[in-house]
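Engineer: Got a structure for you, written out below as structure tokens; questions coming shortly.
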Amino acid sequence: MNTARRKLLEEIYAPLVHMKPRSPEYTRLALTGKCWHDYFDPGNMERYGYKSLEKEHSSLLNEIDRLRASIKLPISTIAKTLVAEYAHQSVMIESNHLELGESLIIAESLRDNLFQQFDMASMKASSLISLTLPTSSELLPQRDSSEVAELRNHIIASQWVAETAARQPGTPGLGEAEIHGLAALMVKDTASEALYSCGWGGISKPGDYRRAPIQVRSNPLRIFPYHVEVPSLMKQFISWRDNAHNQKLLHPLLLACQSCVYFLYIHPFIDGNGRVGRTLMHDYMVRQGYIPIVMLSLEQEDYLHMVSDAQDGNPEAFVEQVLSTQLDMMRTFVMRELESENGQERLT
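Residue numbers for the sequence shown follow UniProt numbering, so the first one is 1 and each next one is one higher.
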């Protein structure tokens, strides 16, 4: 093990060092996730810079909220028009090679053959994986089947969010059972689905929390919690988000950013964490009346750097990207509405 990594682990888990391994008190403390949580404190808005950014960008946030109030079209309608673009961007970040045009083809097929058959808004997230879906070969026969399934799954998840979130305006967001359901859907029929049955950490069902520790080779000092800590940490994450939302501790757009980064730091699943984290962000924005953002010309490396920097307490680039994109998209939809109204006036 990397010497610096070992030293950091000893610092993070110092409370366990003086306990007898596998003793009742050792096990109890380990299962709480308290050591990791207390060391990193990922929900601390001051420490990670979100409160200062809220003040710094107050004028921008006010302008976004002014535009939001002027948009007449329901956010759910806007969100549904962006499903193919949003899902494509999200899987592109995960090295999926399919083009936006192919995402539009898949979305159209799903709209004609799936979304019109089911009331997506009334479905539980856990039921999505049980849907009979068009196969990859039926959708794009010449393309990699795993990549097609990955994009198909994300389009379904994004459509579900667009329909369900808008029916629950002002609420804190997805619960733990819904997060499990979306995580299971994201890997259905993909190469990653096999990871759940290969015995890595024990056989589990798609959508279950990981059962083994993880590490990023490119950054050995990025310490994700141990798998035994994940269940408790996820409950703490949801409780933190709900409390921050209910107490209005942070502007919704910044809370969406911090929630996404917090979730990704826990990294609760074997695979699909990025897609699920962005879907949580998407869902929260729609619930608060904001547009799910599609960052034009976003490079995978740039996105990963922004998230990594945010985990290190430097979220400026990530927050600024989200806010500037939200502002641009708000302006676009306001302008479209004005052009539509002017066109109707000329006709009359």
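Cβ atoms here follow ideal geometry from the backbone N, Cα and C, with glycine treated the same way. All values derive from a computational prediction rather than experimental measurement.
Helix, strand or coil for L347? Go by DSSP, reduced to three states.
Structural biologist: Per-residue confidence for L347 stands at a pLDDT of 47, beneath the threshold of 50, marking its modelled position as unreliable; the derived number appears in the next sentence. The answer is helix: DSSP assigns L347 an H, G or I state.
Engineer: May I ask you to report which of helix, strand or coil DSSP gives H305?
Structural biologist: H305: helix per DSSP, three-state reduction.
Engineer: Please work out which residues of its chain come closer than 6 Å, Cβ to Cβ, to P220, disregarding the five sequence neighbours upstream and downstream, and give them in chain order.
Structural biologist: Cβ within range, chain order: N2 and R5.
Engineer: Take V334 and list the residues in its own chain whose beta-carbon comes closer than 8 Å to its own, dropping the five residues that flank it on each side.
Structural biologist: Excluding sequence neighbours, V334 sits near L67, S70 and I71.
Engineer: Who are the near neighbours of V319 in its chain, counting only those whose CB is closer than 7 Å to its CB and skipping five residues on each side?
Structural biologist: Same-chain partners within the cutoff: L53, L254 and C257.
Engineer: Is the beta carbon of L323 sitting closer than 7 Å to the one on H57?
Structural biologist: Cβ distance < 7 Å, so L323 and H57 count as in contact.
Engineer: Within the continuous alpha helix (DSSP H) that includes Y262, where are the two ends?
Structural biologist: Taken as a continuous stretch (DSSP letters only), the alpha helix (DSSP H) holding Y262 covers P252 to I266.
Engineer: Starting from D65, follow the alpha helix (DSSP H) in both directions and report where the run begins and ends.
Structural biologist: First-last of the alpha helix (DSSP H) with D65: S58 to S70.
Engineer: Count the C-beta pairs between the stretch 118 to 133 and the stretch 158 to 173 that are closer than 8 Å, then say yes if the count reaches three, no if not.
Structural biologist: Contact holds: three or more Cβ-Cβ distances are below 8 Å.
Engineer: Can you tell me the Cα-Cα spacing of K51 and M45, whole angstroms?
Structural biologist: Rounded to the nearest angstrom, the two C-alpha atoms are 6 Å apart.
Engineer: The alpha helix (DSSP H) spanning S204 covers which residue range?
Structural biologist: S204 -> no alpha helix (DSSP H), and no H or E assigned at all.
Engineer: Three-state secondary structure (DSSP) at G313?
Structural biologist: DSSP places G313 in coil when its eight states are reduced to three.
Engineer: Helix or strand or just coil, what does DSSP make of E94?
Structural biologist: Note: E94 maps to coil in three-state DSSP.
Engineer: By Cβ distance, which residues of its chain are closer than 7 Å to V83, with the 5 residues on each side in sequence left out?
Structural biologist: Counting only Cβ-Cβ distances below 7 Å, and skipping sequence neighbours, we find A107, I155, S158, Q159 and A162.
Engineer: I need the straight-line Cα distance from Q288 to T171, nearest angstrom please.
Structural biologist: Computed Cα separation, rounded: 8 Å.
Engineer: Could you give the uninterrupted runs of the alpha helix (DSSP H) lying entirely in the stretch 86 to 143, keeping only those of 4 residues or more?
Structural biologist: Counting only runs of 4 or more, we get 100 to 110, 125 to 128 and 136 to 139.
Engineer: For the ligand GDP, any of its heavy atoms closer than 6 Å to the Cβ of R28?
Structural biologist: With respect to the ligand GDP, the structure shown offers nothing to examine, as it has no ligands at all.
Engineer: Please return the same chain residues whose Cβ sits closer than 8 Å to the Cβ of L250, not counting the five positions on each side in sequence.
Structural biologist: Only M45, Y50, K51, E54, A244 and Q258 meet the Cβ criterion.
Engineer: Give the range of the alpha helix (DSSP H) segment to which C35 is assigned.
Structural biologist: From DSSP, the alpha helix (DSSP H) with C35 extends over K34 to F40.
Engineer: Return the CA-CA distance between H97 and E150, expressed in angstroms with no decimal places.
Structural biologist: Cα-Cα distance, rounded: 11 Å.
Engineer: Mind reading off the beta-carbon distance from E193 to P206? Whole number of angstroms is fine, and I expect it under 8 Å.
Structural biologist: Yes, they are in contact, since the Cβ atoms of E193 and P206 sit about 6 Å apart, within 8 Å.
Engineer: Contact between the stretch 177 to 186 and the stretch 128 to 136: three or more CB pairs below 8 Å?
Structural biologist: As far as the Cβ criterion goes, the stretch 177 to 186 touches the stretch 128 to 136, which means the pair count is three or higher.
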